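Taking it in order: structure first as structure tokens, then the write-up.
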Amino acid sequence: MINCCSRFLLHATKGVRNRFSIRCRRAFSPRLLHRGVGQRVPLSSQLKDEIAERLRLALGLMETAEISSTCSEYELRNCLSRLYYAFFHASIALLSASEPDIEQVSRNHGALHARLQRKFGKTVLITRVMRELYDLRKQCDYETSMFRTKYGGNIEAGRRDAVLILKRAKTQFYFLYHEARKNL
Amino acid sequence: MNLTLNQVEELIERHLRAAGIWDSVNKAHSQFLDMQDEMFVEIVLDDATHLEDTDKIVRNTAEELKAQDITLDSVVRALWEILDVSFVGPSRSADGGIRAAYLYDVTLKSGSRQHHVAVDVFWGAVEFLKQKRGLGKLTSKRMRDFQNEVVAKAVWSFVQDQLSLGGTSYWDPLLHSQREMNDAAMLFVFGQSTALNELWQAVSDAFEPSIVDSFLKSLSVSKAKIQDFKTVLPELSNMLGGAYRRGATFSTSATELFQKLDRSEQELLKKYFYARIEVLKAESPELVHKFSRLIV
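Chains as they are written, first to last, in the numbering used here: chain H, -3 to 180; chain Y, 218 to 513.
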């Protein structure tokens, strides 16, 4: 920001107050302050602590989301459910830095997904993964016949599928995690 | 709210159609979201020529909706592609002093609009890449050009990554046409291209003093031609492997890995291989003599 200010003054004194000054005004508008790559607003130490706490929880859930070659249907269900919540907490940690009402939003999964989609766009993989994991979590937590209908009761097929989901999700999770950590 | 999200979407579409811009809107990337207390619209254009007009239309629509007690938050951006990345020289600060960075010029294109972005790559980031890519041995003028090409490829990936973000995290190259690439950014970019890293390491390993003799021997036996990279490639499969992490993919075929690379990565890898042959010729004349049929 300081850099942008000094550049603005430099151009203004040279009488080049054309397009650049218009762009500067856009950059300074409050709506755009928290946006864009590399623009970060300093956070209070309390908020930083909250973000750090969320991230610890997210990482803990992610690290315990493991699939062993002998795990049962219930361990698989637990793992996939924890996987979603790892994303859930990492997303809240990330969004907390720019959205003051995120605690309230976090009570509504759909609203949280919309916030994430607003932050990263429609086509970015992370928003799709988040929604897919949410659907999967609901199946794992509530649908008694999920394994029977999805895998014909074949636990090995379920494990294979879950390993792939976990692998794909991990890359996205660490992206979220590291983006959120940049605020600390 | 008096209007639904669909109605707001239709309203914006109508305004953009009237201005002759709707055809430039990328429907797959654009989005309309109901955020409960407000609406959010992201208009993504295939042609940045219309950016200012679109921004104006969306802002006017937001004003129009404000009168109806509807808050419309918006992002208007364009999709950019990278046309070229070229090395300029040492980076200079506004007062003319030399910065601890190299300057790369990136040409971007969106529809019929072109734009230049300056990327400062810090010396530390370049050193990291040189170390990881084993470029320290390449010291001649031609080799330095090759080094710049390797860094340019990393800059390309860095800019590509920044351009891939949408929503409120998007990067507007028109607004922020100067970027900085530090060690962390280089580490991230480096970690993204696993296939290239594996093959690059395989080439480096093949030319290690303790291995190069047996590598050249294997090429002779298989009647590979060292100037024909395609015939050398299968022999590099022997150099793949290393520590096998749980859940990691174990690559065994250099040819298969090579197919995973994009064209620019393939060309870069080939150039690195030929550069290492040049170094070998200069540093190990006894090997050149021993394998004279192979190394011409």
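Cβ coordinates follow ideal geometry from the N, Cα and C atoms, glycine included. Treat the numbers as computed from the prediction; the structure is a model and nothing was measured.
**Report entry** the segment 171 to 178 of chain H in contact with the segment 259 to 266 of chain Y per 3-pair CB rule at 8 Å
**Finding:** no
Report task. Would you please verify whether the beta carbon of T345(Y) is less than 8 Å from any beta carbon of chain H? Result -> First, the amino acid is wrong: residue 345(Y) is Phe here, not Thr. No, F345(Y) lies away from the interface with chain H (no Cβ there is under 8 Å from its Cβ).
Report task. Evaluate the contact criterion for the segment 314 to 327 of chain Y versus the segment 132 to 144 of chain H: three or more CB pairs, one atom per stretch, below 8 Å. Result -> no
Query raised in the report: Distance, Cα to Cα, E269(Y) vs H232(Y)?
Result: 14 Å
Query raised in the report: What is the DSSP secondary structure of G341(Y), counted as helix, strand or coil?
Result: helix
Report task. Check L486(Y) in the structure and name its three-state DSSP category. Result -> helix
**Report entry** Interface flag, T221(Y) vs chain H, CB-CB below 8 Å
**Finding:** no
Query - Nearest to L108(H) (by Cα), restricted to the options H85(H), S41(H), T167(H) and L121(H) - result: H85(H)
Requested in this report: Look at the alpha carbon of Q377(Y) and the alpha carbon of E500(Y), and state the distance between them as a whole number of angstroms.
Outcome: 38 Å
Report task. Under the assumption that N399(Y) contacts G341(Y) (Cβ atoms under 8 Å), give the Cβ distance between them as a whole number of angstroms. Result -> 7 Å
Query raised in the report: Going by other Cβ atoms of all chains shown within 10 Å of its Cβ, with 16 needed for buried, is Y321(Y) buried or exposed?
Result: buried
Query - Pairwise C-alpha distance: L404(Y) and F339(Y) - result: 12 Å
Report task. Report the residues of the segment 106 to 137 of chain H with a CB closer than 9 Å to any CB of chain Y, ordered along the chain. Result -> A107, A110, R111, L112, Q113, R114, K115, F116, G117, K118, T119, V120 and T123
Query raised in the report: Just reading off the beta strand (DSSP E) that T324(Y) is part of, what are its end residues?
Result: I315 to S327
Query raised in the report: Looking at the C-beta of M360(Y), does it have a partner C-beta in chain H at a distance below 8 Å?
Result: no
**Report entry** E226(Y) - containing beta strand (DSSP E), residue span
**Finding:** Element bounds for E226(Y): not the beta strand (DSSP E) but the alpha helix (DSSP H), L222 to A235.
Query raised in the report: Would Y387(Y) count as contacting chain H if we go by Cβ distances under 8 Å?
Result: yes
Requested in this report: Grab the span of the beta strand (DSSP E) containing P307(Y) for me, first residue to last.
Outcome: E298 to R309
**Report entry** Three-state secondary structure (DSSP) of M252(Y)
**Finding:** coil
**Report entry** Min CB distance A245(Y) to chain H below 8 Å
**Finding:** yes
**Report entry** Same chain only: Cβ atoms within 8 Å of I238(Y), ignoring 5 sequence neighbours per side
**Finding:** L262, H267, D270, T271 and I274
Query raised in the report: Alpha carbon to alpha carbon, what distance is there between A419(Y) and S410(Y)?
Result: 14 Å
**Report entry** Between the CA atoms of L457(Y) and L346(Y) - distance to the nearest angstrom
**Finding:** 20 Å
Requested in this report: Could you check the C-alpha separation between K442(Y) and D422(Y) for me, to the nearest Å?
Outcome: 19 Å
Report task. Taking only the alpha-carbon atoms, compute the straight-line gap between F304(Y) and A265(Y) and give it to the nearest angstrom. Result -> 25 Å
Query raised in the report: Assuming F257(Y) and R114(H) make a contact with CB atoms under 8 Å, what is their CB distance in whole Å?
Result: 5 Å
Query raised in the report: How would you list, in chain order, the residues of chain H whose beta-carbon sits under 7 Å from the beta-carbon of F257(Y)?
Result: R114
Requested in this report: Take V429(Y) and list the residues in its own chain whose beta-carbon comes closer than 8 Å to its own, dropping the five residues that flank it on each side.
Outcome: A423, L497, S501 and L504
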